[in-house]
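Numbering-wise (this note's numbering), the sequence shown opens with residue 108 and increments by one. A short worksheet on the structure shown next.
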Amino acid sequence: MIRTVIIEDEKPASRKLERMLGEFADIEVVAKIESVEEGISWFSENEHPQLIFSDIVLGDGLSFDIFEKVPTKAFIIYTTAFDQYTLKAFKLNSIDYLLKPILDEDLGAAIEKFKSFIPSDNSVNSQEIKQLIKKDKTTLSRILVKIGYNLKIVQTHEVSCFYSENKIVYLQTQERAFPSDFTLDELEDILDEKTFFRINRQFIINSDYIKNIHTSPNYKVELDFQPKEEITVSRDRVKDFKDWLVN
């Protein structure tokens with residue numbers, strides 16, 4: 108049997124996932140956890156399972172906080188309504204990332220992926236797993252931003268650029284600029300490279316919002332929506348920038 112733990116703060120979602128997992132004869136749910144505090148306590152005191160299904164945004168924090176406090180060798184399949192945490196998820200033992208509502212076929216595929224990582228002798232080639240995860244990684248399509256005490260979902264196709272200012276990375280939309288939890292290096296890894304390009308250390312731009320490109324004396328880009336600061340392509344990025352524009 109595959110010992111499994113569910114981390115989910117919404118009881119209906121937890122019960123539904125448990126029912127879905129009940130359709131798999133070789134999976135046993137040994138615990139259901141509803142908060143970061145409960146998760147830290149449970150993983151500190153109990154034998155860790157082989158597989159974890161975990162929501163990310165819990166009532167008292169992010170489930171990542173559990174595994175940063177109590178490291179685990181268990182494989183994690185994240186289940187969430189938001190895909191903005193993809194990069195961090197894959198750094199924390201994640202083998203898949205299911206967006207809610209979870210479909211039967213997606214759940215089945217994720218479980219089969221987990222099983223494929225466990226050879227018959229129960230040995231694990233961690234390097235091979237990392238390569239498979241990297242190959243399967245999806246691109247970021249929406250971002251959760253905080254406005255005061257409210258949360259807002261911003262689709263990445265609405266973002267004209269991401270830029271760094273005073274050590275904070277902002278995303279610019281027609282409406283306004285929103286602060287994010289990302290670094291530009293992280294965004295480079297998870298944005299669609301056909302649409303987004305990092306033109307210098309401070310800016311990643313979206314090709315759909317390019318209004319004009321000046322080539323003299325430097326390559327300067329004008330976007331439909333942008334901060335007041337001038338956006339210039341770094342000299343060492345000019346060739347890659349021109350190749351990106353036509354590919």
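Virtual Cβ for every residue (Gly too), placed ideally from N, Cα, C.
Where Ser181 and Val261 are concerned, what is the direct C-alpha to C-alpha distance, given to the nearest angstrom?
Taking the sequence shown and counting its residues from 1, the one referred to as residue 181 is at position 74. Taking the sequence shown and counting its residues from 1, the one referred to as residue 261 is at position 154. For the sequence presented, residue 181 should be read as Ala rather than Ser. Their Cα atoms are separated by approximately 32 angstroms.
Smallest Cα separation from Leu210: which of Pro119, Val345, Met127?
Walking along the sequence shown from the start, residue 210 turns up at place 103. Among Pro119, Val345, Met127, the Cα nearest to that of Leu210 is on Met127.
Cβ pair Leu294, Tyr316 closer than 7 angstroms
Reading the sequence shown from its first residue, position 187 is the one you call residue 294. Reading the sequence shown from its first residue, position 209 is the one you call residue 316. Annotated as distal: Leu294 and Tyr316, with beta-carbon spacing of 7 angstroms or more.
Three-state secondary structure assigned by DSSP to Leu239:
As a working note, residue 239 is residue 132 in the sequence shown. In this predicted model, Leu239 has a pLDDT of only 46, less than 50, meaning its place in the structure is not dependable; the value taken from the coordinates is given anyway. Reduced to three states, the DSSP call for Leu239 is helix.
Inter-stretch contact at 8 angstroms, needing at least 3 Cβ pairs: the region 146-154 / the region 118-135:
They do not touch, by the three-pair rule.
Using 8 angstroms as the threshold, is the region 275-283 in touch with the region 302-309, meaning 3 or more CB pairs across them?
Cβ pair count under 8 angstroms is below three, so no.
Give me, in chain order, the residues of the same chain whose beta-carbon lies closer than 7 angstroms to that of Ser142; leave out the 5 immediate sequence neighbours on both sides.
By 1-based counting over the sequence shown, the position of residue 142 is 35. Residues Asp116, Leu165, Gly166, Asp167 of the same chain have their beta carbon placed closer than 7 angstroms to that of Ser142, with the five preceding and five following residues left out of the count.
Return the chain-ordered list of same chain residues with a C-beta closer than 8 angstroms to the C-beta of Ser121, the five sequence neighbours on each side being excluded.
Counting from one through the sequence shown, the residue named residue 121 turns up at place 14. Excluding residues up to 5 positions away in sequence, Ile113, Glu115, Lys139, Glu141 lie with their Cβ nearer than 8 angstroms to the Cβ of Ser121 in the same chain.
Determine the extent of the beta strand (DSSP E) in which Val345 is found, giving its start and end residues.
Here residue 345 refers to the residue found at position 238 when the sequence shown is read from its first residue. Secondary structure note for Val345: it is in no beta strand (DSSP E), and the uninterrupted alpha helix (DSSP H) holding it is 345-353.
Segment limits, beta strand (DSSP E) that includes Phe286:
Sequence index remark: in the sequence shown, residue 286 carries index 179 (1-based). According to the sequence as given, residue 286 is Pro; it is not Phe. Under the DSSP assignment, Pro286 falls in the beta strand (DSSP E) whose first and last residues are 284-286.
How would you write the range of the beta strand (DSSP E) that Ile173 sits in, first residue to last?
Start at 1 with the first residue of the sequence shown, and residue 173 comes out as number 66. Note, Ile173: premise wrong, no beta strand (DSSP E); alpha helix (DSSP H) at 171-176.
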